[in-house]
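Participant: I have a structure here, written as structure tokens, and I will follow up with some questions on it.
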Amino acid sequence: MKLILPRMLQARIEALALNAFPAECCGLMEGVSGDAAFAVLALHSARNIASAPDRFEIHPEDHFAALKTARANGRAIIGCYHSHPRGEPRPSEIDRRGGGEENFVWLIAAPAGAGGPVATAAFVYSATSFLAMDLARPVGADFVTSSE
Ligand SMILES: [Zn+2]
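In this text, residue positions in the sequence shown follow this note's numbering: the first is 1325, and each later residue adds one.
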């Protein structure tokens, strides 16, 4: 399974992860999905309302607004992103417990420190586990839009 992620959007997620450091940033990814790939077309950064610094919980208002915008664009919310400050770019135990939605993409950005570098990886939740995805770049014209 492939995640087509424009370089610009990956750079934005990594910048958000550094801005939030040492707390976690979080948000949703708008895009389209096919049989073998998901494509991210826009990001919706969200307020993290988790009470612990090593958790994330997307503010329900931000979640709702992202769903509404995606729908208006004829797209879907295909996944979420969050950061693991000084952690690993893979689902934590807490993420595994919260996994939930089938075929939902999880992008994790792990800044090693306040100044980076940031390691980023993507997973798709399928049949009760997270499967690693290949990150790919879009081919052809830059069709990226931003809603931020
Ligand atoms: Zn996590």
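No residue lacks a Cβ here, since even glycine has one placed at the ideal position from N, Cα and C.
Do Ala1434 and Gly1403 have their C-beta atoms closer together than 7 Å?
Facilitator: For Ala1434 and Gly1403, no; Cβs fall outside 7 Å.
Participant: Output the boundary residues of the alpha helix (DSSP H) element that contains Asp1386.
Facilitator: Start and end: 1384-1396.
Participant: CB-CB under 7 Å to Arg1336, same chain, minus the five flanking residues each way: which ones, in chain order?
Facilitator: Contacts found: Leu1367.
Participant: Hey, out of Met1332, Pro1384, Phe1345, whose CA is closest to Val1364's CA?
Facilitator: Among Met1332, Pro1384, Phe1345, the Cα nearest to that of Val1364 is on Met1332.
Participant: Rounding to the nearest angstrom, what Cα-Cα distance links Phe1380 and Val1429 in this structure?
Facilitator: Roughly 15 Å separates the two Cα atoms.
Participant: Quick check: the Cα distance between Ser1450 and Ala1456, rounded to an integer number of angstroms?
Facilitator: Rounded to the nearest angstrom, the two C-alpha atoms are 10 Å apart.
Participant: Consider the C-beta atom of Asp1419 and the heavy atoms of ligand 1; say whether any pair is separated by less than 6 Å.
Facilitator: Indeed, a heavy atom of ligand 1 lies less than 6 Å from the Cβ.
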